[in-house]
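Counted the way the working numbering counts, the sequence shown spans residues 2 to 638. Written out below as structure tokens is the structure these notes cover.
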Amino acid sequence: MCGWVAFRETGYRGDSDLYGLVLRMASTLAHRGPDDSGAWVDSEAGLALGFRRLSIIDLSPEGHQPMRSESGRYVIVYNGEAYNFADLRRELEAAGHRFRGHSDTEVMLAAFEQWGLEQAVRRFIGMFSFALWDCRERKLTLVRDRLGIKPLYYGWAGDTLLCGSELKALRAHPAFRPETDRGALTLYMRHNYVPHPYSIYKGIHQLPPGCMITFGPGPERPSPRQYWSARQIAEDGARNPFPGSDEEAVEELDALLRNAVRLRMIADVPLGAFLSGGVDSSTVVALMQAQSERPVKTFTIGFNEESHNEAIYAKAVAAHLGTEHTELYVSPEQALTVVPLLPVMYDEPFADSSQVPTFLVSKLTREHVTVSLSGDGGDELFAGYPRYSVAESIWKKIGWVPPAARAGLARRLGPANGLAGGKVRQFSEALAVKNREELYRRLVSVTASPESLVLGGHEPPTALTDRRQWAKLRDFTQRMMFFDLVSYLPDDILTKVDRASMAVSLEARVPILDHRVVEFAWRLPMQMNVRDGQSKWLLRQVLYKYVPRQLIERPKMGFALPVAAWLRGPLRDWAASLLDERRLREQGFLDVPSVLSMWRTHLSGERNEQSRLWTILMFQAWLEQNIAAPDCTRNEK
């Protein structure tokens with residue numbers, strides 16, 4: 002739901018049209034909010050708030066933003082949903098508050114008046130990012146939801162504070178100067194996304210999930226503060242595991258998920274769900290259908306390549322549940338038309354290739370509904386990723402070998418820059434690790450040594466490398482789940498879904514990531530997540546109450562594209578243009594011999610370099626779309 006932007010010009014002297022400027026900045030977010038727009042300014046403070054609305058709850062003018070609180074103290078621009086707003090409203094009405102409309106935004110403002118900002122935020126069940134201006138204290142506070150479902154960028158352009166839902170809105174301010182951050186670029190080359198708190202631009206940050214930050218009237222540049230800690234939740238859950246039986250755990254999880262799904266079915270517009278036929282999306286759809294008086298609308302994208310097609314399984318689940326099912330089989334030609342849109346859609350380099358089918362299923366869904374529920378989060382909460390068992394297996398084989406001996410063998414097997422071939426390269430990289438955490442990082446790395454690929458590159462600390470941020474968990478699989486929860490989930494999965502869905506003005510809701518479900522999941526003993534070699538054991542038991550297991554049991558497929566073949570075929574000319582040697586040298590960001598070597602070996606079929614090449618190509622495409630030529634070489638001067 003929606004997109005917003007805000008800025009505050011320190012020392013504003015009335016020398017610019019704040020209202021007109023913020024409306025122009027907000028117009029870059031029209032895809033997030035095609036139904037309405039608005040702006041509010043405080044000229045004395047040099048502050049402007051801009052908004053684009055996708056109407057979901059309270060379609061009347063009473064839901065218009067920016068919205069001011071009943072007393073006049075607070076003004077908000079807000080993206081997301083507080084799903085428990087009806088319960089909060091009843092409590093606030095009992096305390097004497099009166100409401101003009103029935104939007105959750107108005108309830109949130111009343112909650113700030115009644116309980117104060119932080120206590121109110123702790124009571125919200127939902128997804129949100131917002132900017133709240135306190136007219137009395139002259140303070141601007143930015144807040145992001147607990148899991149990072151909704152995006153929030155902020156930073157400084159000279160003396161101007163900029164913040165908003167997407168980078169394109171910040172770029173529209175005349176003070177913004179785009180300068181590529183080589184540290185963030187190096188992290189991107191490792192992960193295929195830019196992890197928080199960084200962005201691809203120097204001076205611009207992502208607010209971490211579960212955090213807020215308050216800017217006072219002066220020039221001070223404060224740090225974010227946490228109101229909800231994934232680390233604390235994980236550690237508390239490990240210390241206080243669920244004490245009940247398997248049956249009791251199934252019933253508890255079923256009840257939590259049913260409530261989470263029910264709350265996310267509240268909308269004043271048509272609603273449906275993504276359905277891949279896997280465990281997570283099938284569970285969400287089953288719980289939706291169990292609580293709906295009419296068939297739920299479900300949507301699936303299919304591919305003619307059997308190795309990438311889950312549509313047949315989704316169709317079988319939909320038939321069993323009795324949903325109103327729509328599927329679209331996508332040709333390579335249709336998928337390829339999306340590729341040129343990606344740099345604009347994602348605003349900064351992003352290279353999870355499932356971004357293409359995610360956009361296509363969002364586009365199909367938006368033709369029928371305005372809100373769609375998604376099954377994201379199940380793998381992170383219930384140990385669903387194959388890499389967990391792979392990492393455990395590798396460490397059992399190499400962990401007993403002294404680190405010095407492992408490092409020596411790794412050097413003999415292949416160069417540390419990751420350019421050795423195939424399985425030998427992977428094995429040598431695994432041998433080189435010092436501990437389990439580093440093994441996990443290698444397994445989730447697209448490039449093992451990105452500093453050798455990015456000229457002048459270095460890797461600033463992240464949630465995966467800063468030990469101060471690590472949860473104290475004894476179990477290795479739990480530690481990997483925690484890393485995914487605080488990095489891969491918000492920075493890859495949720496970013497992918499948010500940008501792909503909002504690009505077509507579709508609101509995607511993720512009930513499995515209700516924070517109450519997250520907190521319960523971290524109390525589960527590992528044998529309730531992985532049993533007899535099967536992952537997501539407990540979540541599967543909930544699903545089997547609604548769907549026969551024979552419709553679900555099959556190897557995990559994922560949602561990726563046949564990129565390797567496309568780069569040798571229909572995408573070859575596009576890729577060759579972006580990897581032109583002269584272009585690469587003029588831009589001055591990447592080690593040209595390494596890039597060209599990857600490209601040649603992939604084209605020859607000697608080695609499949611699709612992951613690293615797609616990451617490089619998405620950066621090149623972003624660079625071409627978003628950075629003017631003079632800015633590309635700024636860092637080299």
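Don't be surprised by glycine CBs; every beta carbon is placed ideally from N, CA and C.
In the structure shown, residue 370 adopts coil according to DSSP, grouped into three states. The beta-bridge partner set that DSSP reports for residue 271 is empty. Under the three-state reduction of DSSP output, residue 243 falls in the coil class, being neither helix nor strand. Annotated three-state conformation of residue 154 is strand, per DSSP.
Counting of Cβ neighbours within 10 angstroms places residue 500 among the buried residues, the total reaching 16 or more. Setting aside the 5 residues that flank it on each side, residue 621 is surrounded in the same chain by 579, each with a C-beta closer than 6 Å to its C-beta; the list follows chain order. Of the other Cβ atoms in all chains shown, fewer than 16 fall within 10 Å of the Cβ of residue 18; this residue is therefore exposed. The region 394-405 makes contact with the region 431-439; the number of CB pairs closer than 8 Å reaches 3 or more. For a cut-off of 8 Å, the C-beta gap from residue 25 to residue 37 is around 16 Å, too long to register as a contact. The C-beta distance from residue 504 to residue 289 rounds to 24 Å, too long to fall under 8 Å, and the pair is not in contact. Here residue 327 is bridged, per DSSP, to 300. Excluding residues up to 5 positions away in sequence, 386 lie with their Cβ nearer than 6 Å to the Cβ of residue 380 in the same chain.
Taking C-beta atoms as the reference points, residue 105 and residue 119 fail to come closer than 9 Å.
Nearest in C-alpha terms to residue 519, of all of 383, 474, 451, is 383. Using a Cβ distance threshold of 9 Å, residue 142 and residue 190 do not count as a contacting pair. Restricted to the region 38-91, the beta strand (DSSP E) segments that are unbroken, complete and at least 3 residues in length are 48-54, 75-83, listed in chain order. Judged by their CB atoms, residue 130 and residue 80 are nearer to each other than the 9 Å cut-off.
Looking at the DSSP output, residue 396 sits in no beta bridge, so it has no partner there.
Residue 506 is classed as buried because its beta carbon has at least 16 other beta carbons within 10 Å across all chains shown.
For residue 113, there is no enclosing beta strand (DSSP E); the enclosing alpha helix (DSSP H) has its first and last residue at 105-116. By the neighbour-count criterion, in which 16 or more other beta carbons inside 10 Å mark a residue as buried, residue 338 falls on the exposed side. Residue 452 sits in a helix when the DSSP states are folded into three classes. By alpha-carbon distance to residue 439, the top candidate from 537, 312, 463 is 463. Below 8 Å, enough C-beta pairs join the region 514-534 and the region 238-257 to call them touching: three or more. For residue 321, the three-state secondary structure derived from DSSP is helix. A straight-line Cα-Cα distance of about 16 Å links residue 93 and residue 126.
About 44 Å separates the beta carbons of residue 478 and residue 582, which is beyond the 8 Å limit, so they are not a contact pair. Cβ contact annotation for residue 227 (same chain, cutoff 6 Å, sequence separation greater than five): 211, 212, in chain order. When only Cα atoms are considered, residue 140 and residue 219 end up about 9 Å apart. If you compare the alpha carbons of 584, 605, 287 with that of residue 263, the shortest gap goes to 287. Taking one beta carbon from each stretch, the region 267-281 and the region 536-544 have 3 or more pairs nearer than 8 Å; the two touch. Checking the DSSP bridge columns, you'll see residue 390 has no partner listed. Taking 9 Å as the cut-off, the Cβ atoms of residue 297 and residue 322 count as close. Residue 177 and residue 171 have their C-alpha atoms spaced approximately 7 Å apart.
Within the same chain, Cβ atoms closer than 8 Å to the Cβ of residue 448 are found at 190, 191, 419, 454, 613, 616, the five residues on either side in sequence being excluded. Exclusion of the five residues before and after residue 183 leaves 455, 456, 457, 458, 459, 590, 636 as the residues of its chain whose Cβ lies within less than 8 Å of its Cβ.
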